[in-house]
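Take the sequence shown: its position 53, counted from the start at 1, is 52 in the working numbering, and no numbers get skipped.
Here is the structure we will look at, set down as structure tokens.
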Amino acid sequence: MSGVLLQRTRQALAEARAPLLFSLHSTAAALLALALANAAGIHHPWWAAMTVWLVAQPTRGLFIERSIARLTGSLVGALVGGVLLYFFFGWPNLLLCLLALWLALCAAVGNFFRHFRNYAWVLAGYTAAIVALFGLADPVFDPELASGRVICTLLGILCCSCISWLFTAKAEPSVLLEERLDALVNDCLRWCMSGPVQTENATDLNRILGAIKTLDGVLDFAAAGSRKGRQRVRHAHEVIDALLVSVALVHSLHETHSTFLCDARFADERSEQENLEAFIGALQLHPSKYPQLLLALERLQQLFANPSSRANWRERVLNHDWRAASTSAARPLSALIIAALAWRLSGWSEGAIMTMTAVLFASLFSSHNDARMALKDVFIGSLLGASAGMVARLWLLPQVHSDWQLLACIAPFLLTGAALMARARTAKLAIDLNMTFLLTAQPGVQLPSDLPLVAQQTLAIVLGVLAAAASLLLWYPALAAGRRLALARRIARQTRRATAPSQFAAAHGRARALLRSLVVSDGYASVLVSAALRCIAATAPFVTDDSSPVPDSAQAAYNAEQAARTLARLTSKD
Numbered sequence: 000m001s002g003v004l005l006q007r008t009r010q011a012l013a014e015a016r017a018p019l020l021f022s023l024h025s026t027a028a029a030l031l032a033l034a035l036a037n038a039a040g041i042h043h044p045w046w047a048a049m050t051v052w053l054v055a056q057p058t059r060g061l062f063i064e065r066s067i068a069r070l071t072g073s074l075v076g077a078l079v080g081g082v083l084l085y086f087f088f089g090w091p092n093l094l095l096c097l098l099a100l101w102l103a104l105c106a107a108v109g110n111f112f113r114h115f116r117n118y119a120w121v122l123a124g125y126t127a128a129i130v131a132l133f134g135l136a137d138p139v140f141d142p143e144l145a146s147g148r149v150i151c152t153l154l155g156i157l158c159c160s161c162i163s164w165l166f167t168a169k170a171e172p173s174v175l176l177e178e179r180l181d182a183l184v185n186d187c188l189r190w191c192m193s194g195p196v197q198t199e200n201a202t203d204l205n206r207i208l209g210a211i212k213t214l215d216g217v218l219d220f221a222a223a224g225s226r227k228g229r230q231r232v233r234h235a236h237e238v239i240d241a242l243l244v245s246v247a248l249v250h251s252l253h254e255t256h257s258t259f260l261c262d263a264r265f266a267d268e269r270s271e272q273e274n275l276e277a278f279i280g281a282l283q284l285h286p287s288k289y290p291q292l293l294l295a296l297e298r299l300q301q302l303f304a305n306p307s308s309r310a311n312w313r314e315r316v317l318n319h320d321w322r323a324a325s326t327s328a329a330r331p332l333s334a335l336i337i338a339a340l341a342w343r344l345s346g347w348s349e350g351a352i353m354t355m356t357a358v359l360f361a362s363l364f365s366s367h368n369d370a371r372m373a374l375k376d377v378f379i380g381s382l383l384g385a386s387a388g389m390v391a392r393l394w395l396l397p398q399v400h401s402d403w404q405l406l407a408c409i410a411p412f413l414l415t416g417a418a419l420m421a422r423a424r425t426a427k428l429a430i431d432l433n434m435t436f437l438l439t440a441q442p443g444v445q446l447p448s449d450l451p452l453v454a455q456q457t458l459a460i461v462l463g464v465l466a467a468a469a470s471l472l473l474w475y476p477a478l479a480a481g482r483r484l485a486l487a488r489r490i491a492r493q494t495r496r497a498t499a500p501s502q503f504a505a506a507h508g509r510a511r512a513l514l515r516s517l518v519v520s521d522g523y524a525s526v527l528v529s530a531a532l533r534c535i536a537a538t539a540p541f542v543t544d545d546s547s548p549v550p551d552s553a554q555a556a557y558n559a560e561q562a563a564r565t566l567a568r569l570t571s572k573d
């Protein structure tokens, strides 16, 4: 009995080791950054501590990417915010209008990118807002506000690098990513070469789509921190898109119970490229019967033979979901409008803080897909952080008379936030908690500690979060299911556009880009995904040259229209 208890204790300690180490080194880095910024006489030294929480990551590659994004975004945003303050400090309404345009631009362009490059654009937007709105809150123009923001960012990154780097794990080796991609290709080829529809095919397809969702979720994080890693991610996405087109075409054949004449059979002893060559060779015996599938597989073969080293920006721009980009731009823009109108019409002295908080959170979640989960974390984290910040501001910080006392005073709060951040379930909540705590308490700054003023500032932060929440719900469904329906509607619209011969190739490219997003969102062969696969199959190209005529274009247009109608009906039912 004692042996089992001892074993369980050791296991619990081993599991707690990584979160404990993360909590300790992240808190130490934040305290060091705050101490250095305070010693340097920066007006808002707590910005340095906030940077530590925003760049701290579980792997070194992620830390590098996050740090570069934060530094770049802070530099650009501080420059823009400083310019706005310098030229328009005496015209606050005009400054707010120009700031709104900048926020919308950053959020829209940021939607074009994934993860940390998106974060750099978002940060450039809300850093300008922080600098400009903090400047408007002061009665006198402070030229050091923008430079202080940049210096705090540098200090936070340097402190996090010096203390946390040794404790941060390396990313998943690239060879493991390649093995995952090879396994996915083999699974897809095995399913496509399986012949007529079989009862196990539905299960296999669910497994394939689930594997695509899982792989897409780890690609950017595992390959972060290197240029070659980004190239591998781009190559993997191109392979996944080509696989989805092939799966869609075979799925369409299975659903129509067409006779699938394929003499080749999948062999486990062959590599994925050898199986692909065998599949293509078998289809070439009937080139006129399966022109779309043959072309899709040849495209896949080309990707393996000559993986592209550069992004095709023209294709990405043409195929990007600009409706989603417009939604991303509208979120911080509407949050700024809501908060700024309330501020300017009421004349509230804390309105600038409310507006800044609204812009900050609305920008961070401008490209978020699941509004309900985002809002849950924001509300809980912000309320806890604001409450803790009030306690520190009213009763603890007024008793501080030295830098050491300041660090000892806020260390328990930061350590608690770090402990929550080290766990996956509470990580996002903890970031909001730490940010709101530092924003409310503002350690290192000599501020009045009377209850009415602190209560007003805390209320301003909470109202700012509510304004951000309103903008999040206003421009997007509250549930992830709404995101899937929106993607399906866009696929249906692009499929309808493919009925025009001149739009066939472009519409298919846009629909294909949306399909991967839908598969990643759903993760299995749902009714919605199955209908979307039919749309992709109906618009798949017949020929390599976009200018060549499509064989039997009337039938192709009819198939595309029917597939689009089926998918549109499914979205209207929900």
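The beta-carbon is built from N, C-alpha and C at its ideal position, and this holds for glycine as well.
Because the structure is a prediction, the values reported are computed rather than measured.
{"Asked": "Sufficient close CB pairs (3 or more, under 8 Å) joining the segment 24 to 35 to the segment 44 to 51", "Found": "yes"}
{"Asked": "Three-state class that DSSP yields for Thr126 in the structure shown", "Found": "helix"}
{"Asked": "Supposed close pair Ala106, Gly81 - CB separation, criterion 8 Å", "Found": "Actually they do not touch by this definition, with Cβ atoms about 20 Å apart."}
{"Asked": "Nearest-angstrom Cα separation, counted from Leu419 out to Phe364", "Found": "20 Å"}
{"Asked": "Inter-stretch contact at 8 Å, needing at least 3 Cβ pairs: the segment 174 to 191 / the segment 204 to 218", "Found": "yes"}
{"Asked": "Distance, Tyr85 Cα to Val130 Cα", "Found": "11 Å"}
{"Asked": "Residue of Cys96, Ala39, Leu180 minimising C-alpha distance to Glu143", "Found": "Ala39"}
{"Asked": "Close-in-space but distant-in-sequence residues of the same chain around Ala329 (CB under 7 Å, 5 per side omitted)", "Found": "Trp474"}
{"Asked": "Neighbour-count burial assignment, Phe166, 16 or more Cβ in a 10 Å radius", "Found": "exposed"}
{"Asked": "Limits of the alpha helix (DSSP H) - the one that Met434 falls within", "Found": "426 to 440"}
{"Asked": "Per-residue DSSP class, three states only, for Thr58", "Found": "strand"}
{"Asked": "Glu297 in three-state terms, based on DSSP", "Found": "helix"}
{"Asked": "Neighbour-count burial assignment, Val121, 16 or more Cβ in a 10 Å radius", "Found": "buried"}
{"Asked": "Own chain residues within Cβ distance below 8 Å of Val526, not counting five before or after", "Found": "Leu569"}
{"Asked": "Other residues of its chain near Val108: CB distance less than 7 Å, five sequence neighbours each side excluded", "Found": "Trp120"}
{"Asked": "Sub-8 Å separation of Arg179 and Phe115 beta-carbons", "Found": "no"}
{"Asked": "Candidates Asp449, Ala467, Met389, Leu383, of which the one nearest Leu432 by Cα", "Found": "Leu383"}
{"Asked": "4 or more residues per run - each alpha helix (DSSP H) lying fully within the segment 84 to 139", "Found": "91 to 109, 114 to 136"}
{"Asked": "Segment contact, 8 Å Cβ cut-off, at least three pairs: the segment 235 to 243 with the segment 295 to 309", "Found": "yes"}
{"Asked": "Between the CA atoms of Leu242 and Val184 - distance to the nearest angstrom", "Found": "7 Å"}
{"Asked": "Buried versus exposed, by CB contacts within 10 Å (16 or more), Pro540", "Found": "buried"}
{"Asked": "Val399, enclosing alpha helix (DSSP H) - first and last residue", "Found": "Here Val399 belongs to no alpha helix (DSSP H), and DSSP marks it neither H nor E."}
{"Asked": "Chain-order list of residues whose beta-carbon lies under 7 Å from that of Ala55 (same chain, five-residue window excluded)", "Found": "Ser25, Cys159, Ser163"}
{"Asked": "Met577 - DSSP class collapsed to helix/strand/coil", "Found": "Residue numbering for the chain in the displayed model covers 0 to 573; residue 577 lies beyond these limits and cannot be assessed."}
{"Asked": "Contact under 8 Å by Cβ, Trp101 with Ala136", "Found": "no"}
{"Asked": "Beta-carbon spacing of Phe87, Leu94 below 8 Å", "Found": "yes"}
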